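Chemist: For my numbering, count along the sequence shown from 1 and bump the result up by 31. Glycine is no exception: its CB is placed at the ideal position from the N, C-alpha and C atoms. Keep in mind it's a predicted model, so treat the numbers as computed, not measured. Here it is, the structure in full.
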Amino acid sequence: MSTKVVFSILAAVIALSLGAAAVDAQQSDISFFITSAGPGKGGDLGGLNGADQLCQLLGATAGAGTKTWRAYLSTQGPGAVNARDRIGRGPWLNAKGLIVAKDLAELHGQNNINKQTALTEKGNQVNGRGDTPNMHDILTGSQADGTAFPPGEDRTCGNWTKSGAGAAMVGHHDRQGLSDDDASKSWNSSHPSRGPDGGCSQNDLKSTGGNGLFYCFVAR
32 MSTKVVFSIL AAVIALSLGA AAVDAQQSDI SFFITSAGPG KGGDLGGLNG
82 ADQLCQLLGA TAGAGTKTWR AYLSTQGPGA VNARDRIGRG PWLNAKGLIV
132 AKDLAELHGQ NNINKQTALT EKGNQVNGRG DTPNMHDILT GSQADGTAFP
182 PGEDRTCGNW TKSGAGAAMV GHHDRQGLSD DDASKSWNSS HPSRGPDGGC
232 SQNDLKSTGG NGLFYCFVAR
């Protein structure tokens, strides 16, 4: 093999390596995404642990598996958990490196979450209102300030263990709804799920414009 050919091959390998390193570096900055898919069992996510595990798995596919990922989900009842307390302090960046919120106050105030920025771990947009199918209902089980609902009416599909009767509070990642009001524009607290199967099945979530997706944040 000639010296010229050897140098050409080495140059190609180096270029590919540098390109891969650049991609990995960009992806490793990610600290926020919407899951590209859910478990497929409606509001039954396997509890908080199951949801966190999916966040961790999907985060790893984006080159950020060494980070600690947490699902933005609240629970109700004894030992209730606030979604806002699970996700660290920020800032949080999407798969394109854009900041969606610099801290908890901004996240639950004037944040930068919308259809263009609330991307999956793959860097893809999630269908919103006007798309077919609409998938803008994102599971949170949370009030607008990121805290849990009081005991009583189910807003977490039985703390993320039910796929039948119940309800889960959802937000609209595209900030659009049936009305021009704060709830319709809320990224984390728009309306409870509902449907013919009781409110927590995969078909119920789809019937109101969802697909069992949820937000994942880097906690540290």
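Return the CA-CA distance between tyrosine 246 and leucine 209, expressed in angstroms with no decimal places.
Modeler: Those two C-alpha atoms are separated by around 22 Å.
Chemist: Would you report the Cα separation of glutamine 174 and glycine 94, rounded to the nearest angstrom?
Modeler: Using only the alpha carbons, I get a separation of about 31 Å.
Chemist: Between which two residues does the beta strand (DSSP E) containing asparagine 234 stretch?
Modeler: That residue, asparagine 234, is in no beta strand (DSSP E); its alpha helix (DSSP H) goes 233 to 238.
Chemist: For the candidate residues Leu150, Trp100, Ala126, Ala114, whose alpha-carbon lies nearest to that of leucine 135?
Modeler: Nearest of Leu150, Trp100, Ala126, Ala114 to leucine 135, Cα basis: Ala114.
Chemist: Once DSSP output is grouped into helix, strand and coil, what is the label at serine 220?
Modeler: Residue state, collapsed to three classes: coil.
Chemist: Would you mind working out which of Pro109, Val201, Thr187, Ser220 sits nearest glycine 77, comparing C-alpha positions?
Modeler: Of the candidates Pro109, Val201, Thr187, Ser220, the one whose C-alpha sits nearest the C-alpha of glycine 77 is Thr187.
Chemist: Can the beta-carbon of leucine 79 be found less than 8 Å from the beta-carbon of tryptophan 218?
Modeler: No, these two residues do not count as a Cβ contact at 8 Å.
Chemist: Mark asparagine 24 as exposed unless 16 or more other C-beta atoms lie within 10 angstroms of its C-beta, in which case mark it buried.
Modeler: In the structure displayed, the chain extends from 32 to 251; residue 24 sits before or after that span and is not available.
Chemist: Would cysteine 231 and alanine 179 qualify as a contact pair, given that the criterion is a beta-carbon distance under 8 Å?
Modeler: Not closer than 8 Å, so no.
Chemist: May I ask you to list the residues that DSSP assigns as paired with isoleucine 144?
Modeler: BP columns for isoleucine 144 are empty, so no partner.
Chemist: Among Ile61, Gly73, Gly172, whose alpha-carbon lies nearest the alpha-carbon of glycine 202?
Modeler: Minimum Cα distance to glycine 202 is reached at Gly172.
Chemist: Please work out which residues of its chain come closer than 6 Å, Cβ to Cβ, to lysine 72, disregarding the five sequence neighbours upstream and downstream, and give them in chain order.
Modeler: Counting only Cβ-Cβ distances below 6 Å, and skipping sequence neighbours, we find Ser194.
Chemist: Report buried or exposed for arginine 101, applying the criterion of at least 16 other Cβ atoms within 10 angstroms of its Cβ.
Modeler: Answer is buried; the Cβ neighbour count reaches 16.
Chemist: Is leucine 88 buried or exposed, if buried means 16 or more other CB atoms sit within 10 Å of its CB?
Modeler: Its Cβ having fewer than 16 others within 10 Å, leucine 88 is exposed.
Chemist: Kindly indicate the opening and closing residues of the alpha helix (DSSP H) around leucine 209.
Modeler: Run containing leucine 209: none; DSSP gives neither H nor E here.
Chemist: On the DSSP letters alone, give me the boundaries of the beta strand (DSSP E) that glycine 243 sits inside.
Modeler: Here the beta strand (DSSP E) through glycine 243 covers 241 to 249.
Chemist: Please classify leucine 129 as buried or exposed, where buried requires at least 16 neighbouring CB atoms within 10 angstroms.
Modeler: Leucine 129 comes out exposed.
Chemist: Select from Thr163, Leu124, Gln141 the residue whose C-alpha is nearest the C-alpha of glutamate 152.
Modeler: Residue Leu124 is the option with its Cα nearest to glutamate 152.
Chemist: Compute the Euclidean distance between the alpha carbons of methionine 200 and serine 224, then round it to the nearest angstrom.
Modeler: If you take the alpha carbons of methionine 200 and serine 224, they lie about 6 Å apart.
Chemist: Under 8 Å, do phenylalanine 64 and leucine 138 count as touching if we go by C-beta distance?
Modeler: Cβ atoms of phenylalanine 64 and leucine 138: not closer than 8 Å.
Chemist: Just how far apart, CA to CA, sit glycine 229 and asparagine 165?
Modeler: So the alpha carbons of these two residues sit roughly 20 Å apart.
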